[in-house]
Amino acid sequence: MKGAAADPSWAGGSVGERAVCVLCPNPSPMTLDGTNTWLLAEPGSDEVVVVDPGPLDEEHLAAVIDQVRESGQRIALTLLTHGHLDHAESADRFHELTGAPVRGFGRGHDDVRAGETITVGGLEILAVPTPGHTSDSFSFVLPADNTLLTGDTVLGRGTTVVAWPDGNLEAYLESLSHIEALTRAGTVTSLLPGHGPAVSDAAATVSFYLRHRAERLAQVREAVARGAKTAYDVVETVYADVPRSVWPAAELSVNAQLEYLRTHA
Numbered sequence: 001m002k003g004a005a006a007d008p009s010w011a012g013g014s015v016g017e018r019a020v021c022v023l024c025p026n027p028s029p030m031t032l033d034g035t036n037t038w039l040l041a042e043p044g045s046d047e048v049v050v051v052d053p054g055p056l057d058e059e060h061l062a063a064v065i066d067q068v069r070e071s072g073q074r075i076a077l078t079l080l081t082h083g084h085l086d087h088a089e090s091a092d093r094f095h096e097l098t099g100a101p102v103r104g105f106g107r108g109h110d111d112v113r114a115g116e117t118i119t120v121g122g123l124e125i126l127a128v129p130t131p132g133h134t135s136d137s138f139s140f141v142l143p144a145d146n147t148l149l150t151g152d153t154v155l156g157r158g159t160t161v162v163a164w165p166d167g168n169l170e171a172y173l174e175s176l177s178h179i180e181a182l183t184r185a186g187t188v189t190s191l192l193p194g195h196g197p198a199v200s201d202a203a204a205t206v207s208f209y210l211r212h213r214a215e216r217l218a219q220v221r222e223a224v225a226r227g228a229k230t231a232y233d234v235v236e237t238v239y240a241d242v243p244r245s246v247w248p249a250a251e252l253s254v255n256a257q258l259e260y261l262r263t264h265a
């Protein structure tokens, strides 16, 4: 679960040949070091895809635009991994500032489609639905780099929240299994998350996420068997190892776990 301390070694910057992170200055227990706004471009191209412009922070948006302009490039498209405010609140304002279209799932006629290949300036991006954290969560594969932009589905540090009731644990486990299959196939070897540092070993990280969820489910089942009546009762015992500042988020995940256990008895 989010809530790990900020990592002073992660301040964004270039990751590989095709990705640059501009870190939004919105650190918190729920956003770790801040929101990662990713700039993607094919080497030699002047067209950039921005993934998750972040919250409505004018200074951050200006920093993103300046970074692109100083590189002699232009913003051609904005993609959203999901609709949470720390990732997408600025989407309409960013469109006003750049003129670039904004695409995500559930935004209307220009929705991102499952399995769609998006091509901008020679850069190929494959859209992969990964619901669970939220119902509208998408991840994006960069086939040329064997990397996956995961939004909040997989973080660079710690684990994430299943944001019940919109989030759903069954869907989340299926999404993790889908990502695991991509790692087994060699399609994905590294991750560019929405929060925290880039992940070089995607397979190990996703395996850890699946083990962690299984362990938490077992702990929740045991807490209920011992008499826990509410999600908060479960949090007090099962999530005693995480900071109290993220207990409200933990309660969302517990509600998702309880719902899962009711339908998978």
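First residue of the sequence shown? That's 1 in UniProt numbering, and the numbers climb one at a time after it. The beta carbon of each residue, even a glycine, is placed where N, CA and C say it ideally should be.
Here arginine 103 is near aspartate 110, since their CB atoms are less than 8 Å apart.
Straight-line measurement puts the Cα of glycine 132 at about 7 Å from the Cα of leucine 173. When secondary structure is reduced to three states using DSSP, threonine 159 falls in the coil class, being assigned neither helix nor strand.
The stretch 174-257 is shown to contain whole alpha helix (DSSP H) runs of 4 or more residues at 202-225 and 231-238, in chain order. Look at alanine 88 here: in three-state DSSP terms it is helix. Inclusion of leucine 252 and valine 141 in the CB contact set at 8 Å is not warranted, their separation being larger than that value.
In the DSSP annotation of this structure, the continuous segment of the beta strand (DSSP E) that includes alanine 19 starts and ends at 19-23. The stretch 34-115 contains, as complete beta strand (DSSP E) runs of 3+ residues, the segments 36-40, 47-51 and 74-79 (chain order). For threonine 263, the three-state secondary structure derived from DSSP is helix. Between the C-alpha atoms of leucine 155 and valine 238 there is a straight-line separation of about 21 Å.
Between the stretch 40-56 and the stretch 83-101 there are three or more C-beta pairs closer than 8 Å, enough to call the two in contact. In the three-state scheme derived from DSSP, where H, G and I count as helix and E and B as strand, alanine 127 is classed as strand.
Straight-line spacing of the CA atoms in proline 27 and glycine 44 works out to 33 Å.
Per DSSP, glycine 132 lies in no beta strand (DSSP E) and is assigned neither H nor E. Spanning the alpha carbons of glycine 72 and tyrosine 209 requires a straight line of approximately 39 Å.
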